[in-house]
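First the structure, in the form of structure tokens, and then the observations on it.
Protein chains in written order, with our numbering: chain A, 1 to 228; chain B, 1001 to 1221.
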């Protein structure tokens, strides 16, 4: 978003802005499609006129939320990947940075994984672009695979979908605390097709980073959810 | 020559009256078959009742006799797709001699259905997630059914080194991958999809040697 918009901080929308928070919370509570602009502005304590001037529609707000959240994610996770050394170390560093982001933005991850399902097509396309970006990080494993041609081409997409499924199964207030247990599982899934079962199993016994090692404990079992 | 008793004699073919219930069921099924395409192409939000009337070739009065509204129509179309897919998958799976073969053939059957009926598959796998909470719940139940079936593999392969949530992750991943395939303009072949997905979903359970044998025994698609 370029330029300063009236009522928004310099640099545009942030994930902490009342409108962003309102959209994400209402989408979590009632679903995206059932959330109206009237409800969003009321929850945010923002005047309708200001909303119309800055966004004009729920879709525009959702796109802005995805843009700012996605940009922050890509910057942090991408930087961690680049600094993480050789794959899978790079992917593991990226995964732990994702976990930190989830810990800081639990409402946003719910919005990205589940809350915005049912949104307008462009919103879903932007979401998909972000997921495909993660898939490219996973696919870097092909370069270090013993037999790159043997790794299914479907691997990165299937793995990103699997990881979203894992996150979706744990959405809720417990998710941040569950990340120390989920990251090794995400790495097991990602590493196995590229480096084999032994390398995947090794991911499960690696110690977490210090900022997660001293964090809250992980629930022993995921909460049962209908479907997942 | 033996003759049917009088009370079992029917009217000449075509002259017997068909019950209103049977007619209504047939009409409902025909409408659902037609509206599946418009829901898949326009999406749930983009489909109006007028679209359903036009595509379903049904009048407004008739439509509301068959369905309570757009959502009810969508849910009925969804259930019809899932029921037909389930039939095809079960028919394929039952030909397997053991769990491994049944699972492989079930996966193959699912892919056959998706490739043969991409619009129906799109309705169930993609559009259902944006058609309201009830449709989402049924979409999740559809995937949960597959998770439960896949988890049965643990009884047959107790030594398989799997994550506690492997089946949940595998089915979620498979669904996402198939959604992407449905959204792409590139056509996929059955052989390609089966090879790719079996390697990621079944190999961790049955092992690579067994999967190779399954491919040889039952073909690659």
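Idealized CB from N, CA, C, for every residue including glycine.
Query	Result
Any chain B beta carbon closer than 7 Å to residue 188 of chain A	yes
Simplified DSSP assignment, three categories, for residue 226 of chain A	Its pLDDT being 38, under 50, residue 226 of chain A is placed unreliably in this model, and the value from its coordinates should be taken loosely. Correct three-state label for residue 226 of chain A: coil.
Residue 1157 of chain B, DSSP secondary structure in three states	coil
Euclidean distance between Cα positions of residue 1101 of chain B and residue 1149 of chain B	13 Å
For residue 1088 of chain B, the first and last residue of its enclosing alpha helix (DSSP H)	1070-1093
Beta carbon of residue 188 of chain A nearer than 7 Å to that of residue 199 of chain A	no
For residue 151 of chain A, the three-state DSSP class (helix, strand or coil)	coil
Cβ of residue 66 of chain A within 7 Å of any chain B Cβ	no
Chain B contacts from the region 143-168 of chain A (Cβ-Cβ distance under 8 Å)	152, 153, 154, 155, 157, 158, 159, 160, 161, 162, 163, 164, 165, 166, 168
Extent of the continuous alpha helix (DSSP H) run through residue 38 of chain A	37-44
Short Cβ contact (7 Å threshold) for residue 206 of chain A with residue 114 of chain A	no
Whole-Å CB distance - residue 141 of chain A paired with residue 112 of chain A, under 8 Å assumed	With 8 Å as the limit, residue 141 of chain A and residue 112 of chain A do not qualify as a contact, their Cβ atoms being about 23 Å apart.
Neighbour flag for residue 1176 of chain B against chain A, beta carbons, 7 Å	yes
Backbone CA spacing between residue 181 of chain A and residue 160 of chain A [nearest angstrom]	17 Å
As assigned by DSSP and simplified to three states, the class of residue 174 of chain A	coil
Beta-carbon neighbours of residue 1170 of chain B, restricted to chain A and to distances below 9 Å	158, 162, 165, 189
Beta-carbon gap between residue 1028 of chain B and residue 1066 of chain B smaller than 7 Å	yes
Close beta carbons around residue 226 of chain A, own chain, < 6 Å, minus the five adjacent residues each side	Because residue 226 of chain A sits at a pLDDT of 38, beneath the cut-off of 50, its placement in the model cannot be relied upon, and the point is left open.
C-beta neighbour in chain A for residue 1163 of chain B, strict 7 Å	yes
Contacts that residue 1180 of chain B makes with chain A (C-beta to C-beta distance below 7 Å)	157
7 Å Cβ cutoff, residue 206 of chain A in contact with chain B	no
Residue 1205 of chain B to residue 1175 of chain B span [Cα, whole Å]	18 Å
Contact with chain B by residue 185 of chain A, beta-carbon distance below 7 Å	yes
Reduced DSSP category for residue 204 of chain A - H, G, I as helix; E, B as strand; rest coil	coil
Those runs of the beta strand (DSSP E) which lie wholly inside the region 1158-1196 of chain B and span at least 3 residues	none
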